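> Structure provided below as structure tokens; questions to follow.
2 protein chains.
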Amino acid sequence: MGENMEARNQAPRPRGRPRGVLPQQALDAAMRMFWAEGYDAASIDRLCRETGMPRASLYQDFRGKQGLFLAAIAHYVETRIGPVVAALGPRGTLEEDLAAFFDAVVDLATRDRRTPGCLVSCVLADVAGANDTFRQELDRRFSALEDAIAQRLEHAARPDCAPDNRALAGMLAAIARGIMLRARGGASAQSLHMIAEMAVRSVVALRSQG
Amino acid sequence: MGENMEARNQAPRPRGRPRGVLPQQALDAAMRMFWAEGYDAASIDRLCRETGMPRASLYQDFRGKQGLFLAAIAHYVETRIGPVVAALGPRGTLEEDLAAFFDAVVDLATRDRRTPGCLVSCVLADVAGANDTFRQELDRRFSALEDAIAQRLEHAARPDCAPDNRALAGMLAAIARGIMLRARGGASAQSLHMIAEMAVRSVVALRSQG
DNA sequence: ATAATTACAGAATAATCGTTCTGTATATTG
DNA sequence: CAATATACAGAACGATTATTCTGTAATTAT
């Protein structure tokens, strides 16, 4: 009948009472809260209030605080780290792409004064000390960034004098994280840009001699 | 009288019941606990048990958890960061001293498997998000390291081609912190040494061209 | 209509948090 | 000895924690 036609291209409405807040919407607010305050300081009560998500639904969707945190980190990596990694290109020269990458890092760390630094480097790193699940998550996220940088370096490989790309990627990732940390203490975007610029110059210098 | 003579060179024994544990002894255990678990996860109850310090004395000496944490950080900087900064010398060439510095960083971050990373970079950085006292403390500690590195660079200044020492010091400090963070995820000392070596090579390369 | 199903608001729970308080133990002073 | 002073063990406190449970609201299916 007619009902079939209008439902053709839409997901069929689910059975029971419709949700007030979709998990995806709540995730961004939860992410910002963990980011600003840390894992322990962000209580379930306030997370529910801030996200507009009822406690029951939160436990239904994320199984608890730990699950919500991990989901918030995944959301953070997708929406915030993704663009930073994307800046690596390859689009322009290696120098240009690295400059764009570090600009994105500085911007992410200082854009919003309520969320200085990086959710992974400043918050996940803390709880990774006591919780092995979190430690493994931290390791995976760190490795992923290093892989992306190493891949970009490989793409610009110079057959004559190639510094160890793996180690160089590790160093550049370390600088990015150091910048995130420094922002947590309230450093200005300007001072961080100077560090970023020096990092790019380092790569150029390393590659120009061997 | 006779009592005067025997008390001449000793601190006169204080009036009441003598202490079981000196604050200084407790501090090292408290530091390790914060370092391993983070600020919130280390509860007063367990801090008392682990340090052997009674709750009353802890509040007498440190005024509460926040005071104990700040004291633990000061103790950490003195006993753990101090030697790392001392490795900067100047003792040998800049290259040698920087290599020694980064070796000390890697060693500190990986020496004890129970306390990976850095108390300042991994723990203080987290709580700095929600607490302004902690944020200022983080900023001060970060600045202090940058000052020390900048001073060492200044000492090796080359009049012909000197890269901006302030920015270079910021970059080297960022690498050191990035190494600490990476250790928190469980990275091996070996992989961190490769990053450290690349950092030293960067400085050499930067200075050899301008 | 009724049944079935999902979401929600909020109470209930049990544990733990940081902090303060109470009484007792251990010391010096007179 | 008694008086005084400090440290300590542990109870007490109120607040907050993460999680579970209970009853009700809102929707689709029949």
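Heads up: the protein sequence lines correspond to chains A and B, in order.
The opening residue of the first sequence carries number 1 in the numbering used here; numbering runs sequentially from there.
The opening residue of the second sequence carries number 1001 in the numbering used here; numbering runs sequentially from there.
Just so it is clear, CB atoms sit at the ideal spot from N, CA and C, and this is done for glycine as well.
Note that the coordinates shown come from a computational prediction; the quantities given were computed from them, not determined experimentally.
1) For a contact meaning CB atoms closer than 9 angstroms, what does glutamine 1025 (chain B) contact in chain A?
2) Taking buried to mean at least 16 other C-beta atoms within 10 Å of its own C-beta, is aspartate 126 (chain A) buried or exposed?
3) Which residue comes first and which comes last in the alpha helix (DSSP H) that contains proline 163 (chain A)?
4) If the cut is a Cβ gap below 7 angstroms, which residues of chain B does arginine 182 (chain A) touch?
5) Would you call the segment 87-104 of chain A and the segment 60-70 of chain A touching, i.e. three or more CB-CB distances under 8 angstroms?
6) What residues in the segment 30-48 of chain A have a beta carbon less than 7 angstroms from any beta carbon of chain B?
7) Sorted by chain position, which residues of the same chain lie with C-beta nearer than 6 angstroms to cysteine 1122 (chain B)'s C-beta, five sequence neighbours on each side aside?
8) Once DSSP output is grouped into helix, strand and coil, what is the label at valine 21 (chain A)?
9) Do the segment 90-107 of chain A and the segment 11-22 of chain A meet, that is, are 3 or more Cβ pairs less than 8 angstroms apart?
10) Closer than 7 angstroms by beta-carbon distance: list the chain B residues that pair up with glycine 185 (chain A), in chain order.
11) How would you label arginine 1063 (chain B), buried or exposed, when you count the other beta carbons within 10 angstroms and need 16 or more for buried?
12) What ranges does the alpha helix (DSSP H) occupy inside the segment 84-122 of chain A, keeping only unbroken runs of at least 4 residues that lie completely in it?
13) Any contact of the segment 1025-1038 of chain B with the segment 1113-1120 of chain B, i.e. 3+ C-beta pairs under 8 angstroms?
14) If we count the other Cβ atoms within 10 Å of its Cβ and call it buried at 16 or more, is alanine 1167 (chain B) buried or exposed?
15) Using a cut-off of 9 angstroms between C-beta atoms, extract the partners of glycine 64 (chain A) located in chain B.
16) Do valine 1105 (chain B) and isoleucine 1179 (chain B) have their C-beta atoms within less than 7 angstroms of each other?
17) Taking just the CA atoms, how far does isoleucine 1081 (chain B) sit from glutamine 1025 (chain B)?
18) Whole angstroms are fine: how far does the CA of alanine 1196 (chain B) sit from the CA of glutamate 146 (chain A)?
19) Alanine 215 (chain A) CB to nearest chain B CB: under 7 angstroms?
20) Between alanine 71 (chain A) and leucine 47 (chain A), is the Cβ-Cβ spacing less than 7 angstroms?
21) Please determine, among A:Ser191, A:Leu98, A:Asn131, A:Asp112, the residue with the shortest C-alpha to C-alpha distance to alanine 173 (chain A).
22) Given this structure, state the Cα-to-Cα distance separating arginine 111 (chain A) from proline 1023 (chain B), to the nearest angstrom.
23) Along the chain, where does the alpha helix (DSSP H) containing alanine 148 (chain A) start, and where does it finish?
24) Just checking my contact of leucine 192 (chain A) with alanine 169 (chain A) at CB under 8 angstroms: how many whole Å lie between their CB atoms?
25) Flag glycine 1170 (chain B) as yes if its beta-carbon sits less than 7 angstroms from any beta-carbon of chain A, otherwise no.
26) Whole-angstrom Cβ separation of alanine 1205 (chain B) and serine 202 (chain A), contact assumed at under 8 angstroms?
27) Taking only beta-carbon atoms, is serine 202 (chain A) less than 7 angstroms away from chain B?
28) For alanine 1148 (chain B), which residues in the same chain have their Cβ closer than 7 angstroms to its Cβ, ignoring the five residues on either side in sequence?
29) Note down the Cα distance separating threonine 79 (chain A) from leucine 108 (chain A), rounded to an integer number of angstroms.
30) Does chain B have any CB closer than 7 angstroms to the CB of alanine 199 (chain A)?
31) Which stretch, first to last residue, makes up the alpha helix (DSSP H) that contains aspartate 45 (chain A)?
32) Can you find a CB in chain B that lies within less than 7 angstroms of the CB of methionine 5 (chain A)?
33) Going along chain A, which residues have a C-beta under 7 angstroms from leucine 1206 (chain B)?
34) Can you give me the Cβ contacts of alanine 1176 (chain B) inside the same chain, cut-off strictly under 6 angstroms, excluding the 5 residues immediately before and after it?
35) Taking only beta-carbon atoms, is glutamine 1190 (chain B) less than 7 angstroms away from chain A?
36) Please state the DSSP three-state secondary structure of tyrosine 1039 (chain B).
Here's the rundown:
1) The contacting residues do not exist; glutamine 1025 (chain B) stays about 23 angstroms from chain A at best.
2) buried
3) From DSSP, proline 163 (chain A) is part of no alpha helix (DSSP H); its letter is neither H nor E.
4) Listed along the chain, the chain B residues whose CB falls inside 7 angstroms of the CB of arginine 182 (chain A) are Phe1142, Ala1174.
5) no
6) Ala36, Glu37, Gly38, Asp40, Ala41
7) Arg1184
8) coil
9) no
10) Ala1128, Arg1135, Leu1138, Asp1139, Phe1142
11) Result: exposed.
12) Complete alpha helix (DSSP H) runs here, min 4: 94-110.
13) yes
14) buried
15) Neighbourhood of glycine 64 (chain A) in chain B, by CB distance below 9 angstroms: empty, with the nearest CB roughly 16 angstroms away.
16) yes
17) 18 angstroms
18) 15 angstroms
19) Look at the range of chain A in this structure, 1 to 210, and you will see that residue 215 (chain A) is not part of it.
20) no
21) A:Leu98
22) 42 angstroms
23) 132-155
24) Actually they do not touch by this definition, with Cβ atoms about 20 angstroms apart.
25) With its beta carbon less than 7 angstroms from one in chain A, glycine 1170 (chain B) belongs to the interface.
26) 7 angstroms between Cβ atoms; contact.
27) yes
28) Val1085, Leu1088
29) 11 angstroms
30) yes
31) 44-51
32) Legend: pLDDT at methionine 5 (chain A) = 38, less than 50; position of this residue unreliable, value from coordinates given subsequently. So no, methionine 5 (chain A) is outside the interface.
33) Arg201, Ser202, Ala205
34) Val1105
35) no
36) coil
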